[in-house]
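Comments concern the structure below.
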Amino acid sequence: MSAVKVELVHNYDCQLGEGPHWDDQTQTLLFVDIDNSAIHRWNPATKQTKTTIVKDSSIGAVVPRKSGDLMIAAGHRFASWNENTGESETFKEVNLEFPTSRFNDGKCDPAGRFWAGTMGREKVAASPDRLQGKLYCLDIDHSVKTKVYPVDISNGLSWTSNTMYYCDSLKLTIDAYDYDVTTGEIKNMREVVKFDREKEGVPDGHCIDTDGNLWVAMFFTGQVIKVDPRTGEKLQYVKVSDIALKTTSVCFGGPNLDEMYVTSARNKPLIEPTENGISGALFKITGLGVRGPPANVYEG
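Counting along the sequence shown from 1, when you hit position 3 you're at 3 in UniProt numbering, and nothing is skipped either side.
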């Protein structure tokens, strides 16, 4: 195994970078800056970025749509998005009983449904209005179901063929659910791993490798932790940055899906006096010796 290497890809200065998705068709990386309502598409081959702005709301998650365009979870709505024209079509609005809540993170499951969750308003990082979030699923027929509630900060999602892993960050856990790929139903929630907030940080976004292990971005500590969800064992700690401590999410990418992209945040007010410079940047980790499955797209 080659040595693990962490490199700064680009200093986007994101207020709240989130939701990286490797677009296998275009060999580019999609991710969002929630607070700046921006969708970024990074092309590693050309080292160019295409940025579009969602003008009417924050943007919590973005995924490609099989039929073309993108799907977004923005503000309170699931919608399609044309990144060339900025045209959008709202499919459903959710969580309207909490007007100051917003979508925070999302991802597609193996059947092509778009799952995304909400959270309450934050005055400081990782301190939202409590229990105002829910995890929603936009099915391929455009119907929406509430899957988990109430939650504080809806975050990471990963799947196998029969299990869904989910993170409500303030619980400091990753939970597993039995998952039916045909119906999208989940049941039998159980905790698979718990983190120490002071020593390890707050679990945020995560992804799964082809060995079935989870890679969890840890907010406040600038690291990614590899976890075996079948045993709860923490297998590896990878330091991303001593400055960009608010690591937010991860995904596998690259031609062989063996590179890991890591987003980060520069939330205000700045809590750590050392937070400056490269906080909010995009990072890449190589040499992990594992690869991820291709990311799922929305089939509706």
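All residues carry an ideal CB built from backbone N, CA and C; glycine is no exception.
Just so it is clear, the structure is predicted and the values come from calculations on it, not from any experiment.
Per-residue DSSP class, three states only, for residue i
{"i": "L96", "result": "coil"}
{"i": "S264", "result": "strand"}
{"i": "S2", "result": "coil"}
{"i": "L170", "result": "helix"}
{"i": "Q132", "result": "coil"}
{"i": "E299", "result": "coil"}
CA-to-CA distance, residue j to residue i, given in whole angstroms
{"i": "N296", "j": "K92", "result": "21 angstroms"}
{"i": "E18", "j": "D69", "result": "19 angstroms"}
{"i": "K123", "j": "W42", "result": "30 angstroms"}
{"i": "V262", "j": "L157", "result": "15 angstroms"}
{"i": "S241", "j": "Q223", "result": "7 angstroms"}
{"i": "V151", "j": "D178", "result": "19 angstroms"}
{"i": "V250", "j": "H206", "result": "6 angstroms"}
{"i": "T51", "j": "W22", "result": "16 angstroms"}
{"i": "T221", "j": "A126", "result": "13 angstroms"}
Sequence-distant residues of the same chain with beta carbon closer than 6 angstroms to residue i, five excluded per side
{"i": "V193", "result": "I174, V227 and G232"}
{"i": "N145", "result": "Here the sequence assigns Lys to residue 145, which means Asn is not the residue at that position. Cβ neighbours of K145 beyond the five flanking positions: C137."}
{"i": "A73", "result": "G60, A61, F103, G106 and A116"}
{"i": "D209", "result": "V290 and G292"}
8 angstroms CB neighbourhood of residue i in its chain, flanking five on each side removed
{"i": "I140", "result": "A111, G112, R113, Y298, E299 and G300"}
{"i": "Y12", "result": "D33, H40, T49, G280, A281 and L282"}
{"i": "S101", "result": "H76, N95, T118, M119, G120, R121, D129, Q132 and G133"}
Residue i - partner residues in DSSP beta bridges
{"i": "H142", "result": "DSSP output for H142 lists no bridge partner at all."}
{"i": "G70", "result": "For the record, residue 70 in the displayed sequence is Leu; it is not Gly. According to DSSP, L70 bridges with P64 and W81."}
{"i": "E87", "result": "Beta-bridge pairing links E87 to no other residue."}
{"i": "V124", "result": "S127"}
{"i": "Q236", "result": "K226"}
{"i": "I208", "result": "L214"}
For residue i, the first and last residue of its enclosing beta strand (DSSP E)
{"i": "K199", "result": "No beta strand (DSSP E) holds K199; the alpha helix (DSSP H) holding it covers R197 to E200."}
{"i": "H40", "result": "A38 to N43"}
{"i": "N104", "result": "R102 to C108"}
{"i": "R190", "result": "I186 to K194"}
{"i": "K47", "result": "From DSSP, K47 is part of no beta strand (DSSP E); its letter is neither H nor E."}
{"i": "L282", "result": "L282 to T286"}
Proximity test, Cβ basis, 7 angstroms: residue i and chain B
{"i": "E200", "result": "Protein chain content of the structure displayed is limited to a single chain, and chain B is not contained in it."}
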